[in-house]
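A.B. asks: Heads up, my numbering is the position in the sequence shown plus 1350, with the first residue counted as 1. We put the beta carbon where it would ideally sit given N, CA and C, even for glycine. My questions all concern the structure below.
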Amino acid sequence: MKKYNTDSIGNMMSQISQNEVYLPAIQRKFVWKYDQIEMLFDSIMRGYPIGTFLFWSVVGDTKDDYTFYKFIQEYHGRDNFFNEVAPKPELKNKIIGVLDGQQRLSSMYIALQGTYAYKKKHYRIESKGAFPKREMYLNLFPTKKLDESIIYEFKFLSKEDYEEFDKDLLWFKIRDDQLWFKVKEILKWEKDPDIDKYYDELIETQHLTNEFINLIKENKARIKKILRILHTRLTNEELINFYELDEQNLDEILDIFVRVNSGGTQLSKSDLLFSTIVARWEKARDEIDFLLKNINQKGEGFEFDNDFIMRACLVLTDAPIVFTVKSFKKDNIYKIMGNWEDIKLSIENMVDLLVDFGFNDKNLTSLNATIPLAYYLMKGGQITKKTKHDLKIYLIQSLIQKIYGGQGDSVLTNMRDALRIKSQEDYILRYKNFDLGNFIQNLELTGNKRFKIGEDDVEDLLENKKGPYTFMILSLLYPNIKFGLVRLHQDHIHPASSFTNAKLNKYGILEEEWKHWQLLKDQLPNLQIMEGSENESKNKTPFKDWLKGENADEIPNVPDIDKFLSDNYIPINTSLEFQDFLKFFERRKAILRDEIRKRLF
């Protein structure tokens, strides 16, 4: 049986606080940004519809068969952004699960019952004070210079944002054109509040200057009107329009959930597929969240996501690699559960390899390309100096050739087939020691995709500008650098600061050549790998001066210049004066061309 009903926002917040409304495990985590919440409340104040909600009424012992999560109350962008599992004994005989509208309800709950801590600009994420606790406030004065789409100015504000003149911080000012009211206080008012009483309390607040009191009096009509609208919208009007389902069968609920969400943009495809996993495996969300947090903090950081983990699970369990709901039916999910510890360990070890190769979220251009590495490790592949080298070449070639673009699932299938053979009971590796030559012989790609790198590719690589692909080539050219142990930079040999119009003019370079020089400065022949601290010391210093030290009395930055030039593929008998940059560029380009051929052909 299904029924359509309405409720007020205030009453819904009360039900959440009283542990009557929860989030089923099939829902994704909270993702709304603070400005989205501020805009939502502007819409509420303006009387705009805020969408229909889909609720699931769960009664009796049925609730014990599923996992439910609490709403986040104190959101913190670094330390508290996952929903807490609701303990089974806490669940009442009847509870409501939110199937559609989670983001909106979570946003309202944080604004009206909690706090939202997001990172301050220019603060490092790990810094103390980077995430101040903020509460939702509404500016009661006429708004100025706002976005044309905003009429009511809502903001999440912290204690350091305002001049405190009310001990409970219900009202305060930032400037003389801003009078802020703590929005959650409106829920404490009577059903038919005496607005004049609250206005009078404001006037009587201590520490107000006469000038500011006069401003409040000038805006009395507006202040009272806004407070009345806010109270009406949140407590009197029934703005929560919801459709309630009372089916108790999980498969039916999951089917409804997928149908509802796949029709719009509320959830991505991977979110929907993830929901099918957590519906069968109640620990899936916690396990995957923990794994993602762990691997994304390795090295200089990564951005692996649910989509990656789910696709990796299909590959690593030898399931069909088709990213649809059918791939995550009961049998496959149970297989993932049974192999989870091995899957997790293989992915963690794979990311350790990436760190050792020098990769991070800035230069890893395809997450899918890493999955065959995890498959090799999960199936018992050995890591030796040779296999490590060949695995790195596999990864770099597949990224350079962009073979995972467009048809990632079919390419993963081909990659996995090249790694495995069918035994009587299961799939096993073709070879415990990865050999790139054998792998390429067994690899079959469809369409126009090509794994091997040719002469035309080399020329394109040499013309690449500073970025992920130049890093990949440089990482091959510097095999002895321990990428996982030191912070490394791509460094301009001739500093980028020397290529401004003013500097080029100063060096006597003809104006018609400026654009050509500026085009070449970021290309591979003018780049090298250097430790971060060393690169910072080099900074804007002309290359020749930096090598020897700017002054005769200085200790040279490079004790053995010839060795440094040789190690960095810089022609020894070529002028390093900036005016001779074009000759330097072409000679180093020829050296790099030969080195790339040696390593990739």
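1. By Cβ distance below 8 Å, which residues in the same chain neighbour Leu-1795 in space, the five residues on each side in sequence not counted?
2. Kindly list the residues whose CB is nearer than 8 Å to the CB of Arg-1911, restricted to its own chain and excluding five residues on each side of it in sequence; keep chain order.
3. Just checking, does the stretch 1426-1439 make contact with the stretch 1377-1386 on the three C-beta pairs under 8 Å criterion?
4. Between the stretch 1848-1862 and the stretch 1744-1758, can you find at least three pairs of beta-carbon atoms closer than 8 Å?
5. If I follow the unbroken alpha helix (DSSP H) through Trp-1896, where does it start and stop?
6. Roughly how many angstroms lie between the CA atoms of Gly-1649 and Val-1705, to the nearest whole one?
7. Does the beta-carbon of Ile-1920 have 16 or more other beta-carbons within 10 angstroms, so that it is buried, or is it exposed?
8. Straight-line CA distance for Arg-1780 to Gly-1758?
9. Over the uninterrupted alpha helix (DSSP H) stretch that includes Glu-1485, give me the two end residues.
10. Does the distance from the CB of Leu-1664 to the CB of Tyr-1725 come in under 8 Å?
11. List the endpoints of the continuous alpha helix (DSSP H) containing Ile-1566.
12. Relative to the alpha-carbon of Asp-1767, which residue among Glu-1370, Lys-1470, Leu-1666, Glu-1805 has its alpha-carbon at the smallest distance?
13. Sort Pro-1374, Leu-1529, Ser-1393 by Cα distance to Asp-1414 and report the nearest one.
14. Of all the alpha helix (DSSP H) runs that stay within the bounds of the stretch 1716-1744, which reach a length of 4 or more residues?
15. Relative to the alpha-carbon of Ile-1422, which residue among Asp-1357, Ile-1460, Ile-1638 has its alpha-carbon at the smallest distance?
16. Looking at the structure shown, is His-1844 part of a helix, part of a strand, or coil, going by DSSP?
17. Could you have a look at Leu-1617 and say whether DSSP puts it in helix, strand or coil?
18. Could you check the C-alpha separation between Val-1672 and Ile-1771 for me, to the nearest Å?
19. Which stretch, first to last residue, makes up the alpha helix (DSSP H) that contains Glu-1691?
20. Measure the Cβ-Cβ separation of Leu-1869 and Asp-1841 and say whether it is below 8 Å.
21. Measuring CA to CA, which of Ser-1367, Asp-1810, Phe-1784 is closest to Lys-1735?
22. What's the gap between the Cα of Gly-1804 and the Cα of Asp-1917?
23. Using CA atoms only, rank isn't needed, just tell me which of Leu-1529, Leu-1507, Glu-1388, Lys-1575 is closest to Ala-1467.
24. Output yes or no for whether 8 Å exceeds the beta carbon distance between Leu-1811 and Tyr-1819.
25. Starting from His-1426, follow its DSSP beta bridges and name the residues at the other end.
26. Which residues in the same chain have their Cβ closer than 6 Å to the Cβ of Arg-1578, if we skip the five residues on either side of it in sequence?
27. Please go through the same chain and pick out, in chain order, the residues whose beta-carbon is closer than 6 Å to the beta-carbon of Asp-1711, but skip the five residues on each side of it.
28. Taking 8 Å as the threshold (C-beta atoms), are Gln-1463 and Ser-1367 in contact?
29. With a CB to CB cut of under 6 Å and the five nearest residues on each side skipped, what residues in its chain are close to Gln-1732?
30. Less than 8 Å separating the beta-carbons of Leu-1727 and Ile-1359?
31. Can you give the Cα-Cα distance for Thr-1615 and Thr-1402, rounded to whole angstroms?
32. Can you check whether the CB of Ile-1659 is closer than 8 Å to the CB of Ile-1638?
33. Whole angstroms is fine: what's the gap from Ala-1669's alpha carbon to Ile-1686's?
34. Please classify Ile-1941: does DSSP put it in a helix, a strand, or coil?
35. What residues are listed by DSSP as bridge partners for Gln-1873?
36. Please classify Gln-1452 as buried or exposed, where buried requires at least 16 other C-beta atoms within 10 Å of its C-beta.
C.D. replies: In brief:
1. Ile-1753, Val-1761, Asn-1764, Phe-1801
2. The sequence given here has Ile at residue 1911, not Arg. So the qualifying residues of the chain are Leu-1897, Lys-1898.
3. Taking 8 Å as the limit for Cβ pairs, the verdict is that the stretch 1377-1386 does touch the stretch 1426-1439.
4. no
5. Taken as a continuous stretch (DSSP letters only), the alpha helix (DSSP H) holding Trp-1896 covers 1893-1898.
6. 5 Å
7. buried
8. 22 Å
9. Not the alpha helix (DSSP H): Glu-1485 falls in the beta strand (DSSP E), residues 1485-1489.
10. no
11. Where Ile-1566 is concerned, the enclosing alpha helix (DSSP H) stretches over 1560-1568.
12. Nearest C-alpha to Asp-1767: Leu-1666.
13. Pro-1374
14. Here the runs fully enclosed are 1721-1728.
15. Taking Ile-1422 as reference, the option from Asp-1357, Ile-1460, Ile-1638 with the minimal CA-CA separation is Ile-1460.
16. In this structure, His-1844 counts as coil in the three-state DSSP scheme.
17. Caution applies to Leu-1617, whose pLDDT of 47 falls short of 50 and renders its modelled position unreliable; the model cannot decide the point.
18. 20 Å
19. Counting along the chain, Glu-1691 sits inside the alpha helix (DSSP H) bounded by residues 1690-1707.
20. Contact flag unset, no.
21. Just measuring C-alpha positions, the residue of Ser-1367, Asp-1810, Phe-1784 sitting nearest Lys-1735 is Phe-1784.
22. 25 Å
23. Leu-1507
24. yes
25. Asn-1430, Ala-1467
26. A distance below 6 Å between beta-carbons, with the five flanking residues on each side excluded, links Arg-1578 to the following residues of its chain, in chain order: Ile-1545.
27. Gly-1651, Phe-1652, Glu-1653
28. yes
29. Lys-1782, Asn-1783
30. no
31. Note that Thr-1615 has pLDDT 39, beneath the 50 cutoff, so the model's placement of it is unreliable and the number below is only indicative. Answer to the nearest angstrom: the Cα atoms are 14 Å apart.
32. yes
33. 10 Å
34. If DSSP states are grouped into helix, strand and coil, Ile-1941 belongs with the helices.
35. Lys-1815
36. That one is buried.
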